[in-house]
Amino acid sequence: MTTQADKTLTMIREVCALGRVELDRPHTPDGDPVPGRALVKGLRAIDQDGEPSDISLSVGLLAPRAPYFDRLVIEALAAGTRQIVNLGAGYDDRALRFRHSGVRFFDLDLPHTTADKARRLEALDTDSAHATLVPVDFATDDVTDVLARAGHDAHQPTLFIAEHLVLFLKPEDVARLMTGISHRAAQGSTLALTAETHPAGLDSALVVTTVDEVMFAGDGPLHTIMTREAWLTLFDQHGWQVENADEATAVDHFELPVADQAVRIQTQFLTATTA
Ligand SMILES: C[S@@+](CC[C@H](N)C(=O)[O-])C[C@H]1O[C@@H](n2cnc3c(N)ncnc32)[C@H](O)[C@@H]1O
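Numbering that gives the first Met the number 0 puts the sequence shown at residues 0 to 274.
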């Protein structure tokens with residue numbers, strides 16, 4: 000059964016996809032920047048009123064976010080990393096854009112999304128043999144097994160990226176995902192993700208339920224918003240050393256009242272290496 004939360008997640012996924020193609024993005028010499036727009040053809044990001052969403056907000060959020068993750072991919076390729084695992088990839092076209100000899104891309108997402116992306120890739124006139132689309136549900140599946148079955152090599156360094164994913168997972172599933180990734184991360188691996196943060200001194204569960212009530216009438220897909228400190232602790236507990244721990248790289252996401260106090264929710268970009 001498709002819930003309202005599923006429909007909202009679909010809308011957000013498509014808003015991200017449509018917003019991303021509006022940006023001027025880099026690509027490798029072997030990469031193919033052209034099919035990005037074709038890959039998202041026909042997506043409409045239908046909102047709760049049945050209308051196509053306004054993607055301007057997403058373009059504002061993506062403008063700093065997409066280049067941050069693009070840069071990490073470019074740097075990883077330059078450093079000789081040969082595996083890029085894109086967690087919650089949605090319709091992201093980095094596998095095409097950053098095609099590079101000897102490099103494998105693994106795009107993980109929910110089964111219906113990977114199936115639709117596979118159909119769309121097949122219809123494009125571009126080589127995607129180096130990209131493996133991996134169906135997974137991080138709420139139920141063990142990413143360690145899923146990656147092993149997909150052909151990921153746990154003995155070689157990997158760049159793991161999770162752009163705008165963990166906000167949509169429950170805290171216990173975020174922790175399980177971190178554990179699973181850590182089991183697949185050879186020395187020299189990097190993990191980068193967007194972490195939704197609220198100011199210190201607030202109860203995270205209250206922040207999440209308030210966001211859900213105010214923005215989604217109690218049936219939304221957003222589940223994990225924590226303090227920056229809590230995110231840093233989570234990385235540390237899973238053996239990851241955050242590079243930019245002392246200085247937040249972030250974009251303001253939204254603001255709303257929690258317990259009568261105006262609270263700013265930020266999307267922070269965290270990059271860590273194997274400790
Ligand atoms: C907001 S979209 C971001 C997509 C892409 N990373 C981007 O920045 O355009 C979040 C993605 O995470 C995926 N996702 C959410 N919950 C998931 C789960 N439990 N298992 C696998 N993927 C999930 C969604 O299907 C969606 O494609």
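We treat Cβ as the ideally placed atom computed from N, Cα and C, and that holds for glycine.
Quick caveat, the model's predicted, so the values are computed rather than measured.
Examine ligand 1 and report whether any of its heavy atoms sits within less than 7 angstroms of the Cβ of T272.
-> Position 273 of the sequence shown, counted from the start, is the residue given in the question as residue 272. The answer is no for T272.
Count the other C-beta atoms from every protein chain shown that fall within 10 angstroms of the C-beta of M177, then say buried if there are 16 or more, exposed otherwise.
-> As a first step, residue 177 is located in the sequence shown; it is residue number 178 there, counting from the start. Result: buried.
CA-to-CA distance, R96 to T232, given in whole angstroms | Start at 1 with the first residue of the sequence shown, and residue 232 comes out as number 233. Start at 1 with the first residue of the sequence shown, and residue 96 comes out as number 97. Using only the alpha carbons, I get a separation of about 33 angstroms.
Which stretch, first to last residue, makes up the beta strand (DSSP E) that contains P256?
-> Position 257 of the sequence shown holds residue 256. Element bounds for P256: 249-257.
Taking V277 as the reference, give the member of A44, A122, R12, A194 with the closest Cα.
-> Residue 277 lies beyond the residue range present for the chain, which begins at 0 and ends at 274; the question has no answer from this structure.
May I ask whether a heavy atom of ligand 1 can be found less than 7 angstroms away from the beta carbon of G200?
-> One-based indexing of the sequence shown puts residue 200 at position 201. Placement of the Cβ of G200 at a distance of 7 angstroms or more from every heavy atom of ligand 1 is found.
Is any heavy atom in ligand 1 found nearer than 7 angstroms to the beta carbon of E162?
-> Here residue 162 refers to the residue found at position 163 of the sequence shown. It does: the Cβ of E162 is within 7 angstroms (strictly closer) of some heavy atom of ligand 1.
Can you pull the DSSP bridge partners for T272?
-> Residue mapping note: residue 272 aligns to position 273 of the sequence shown, counting from 1. Secondary-structure assignment with DSSP links T272 through a beta bridge to T189, Q240.
Could you work out which residue in D124, A122, A147, D126 is closest to P134 when comparing CA atoms only?
-> Here the question's residue 134 lines up with position 135 in the sequence shown. Taking only the C-alpha atoms, the option nearest P134 is A147.
May I have the straight-line CA-CA distance separating F104 from A94, to the nearest angstrom?
-> As a first step, residue 104 is located in the sequence shown; it is residue number 105 there, counting from the start. As a first step, residue 94 is located in the sequence shown; it is residue number 95 there, counting from the start. Taking the straight line joining both Cα atoms gives about 6 angstroms.
Sequence-distant residues of its chain with Cβ nearer than 6 angstroms to R12 (five each side left out) = If you number the sequence shown from 1, residue 12 lands on position 13. Closer than 6 angstroms at the Cβ level, and outside the excluded window around R12, lie G89.
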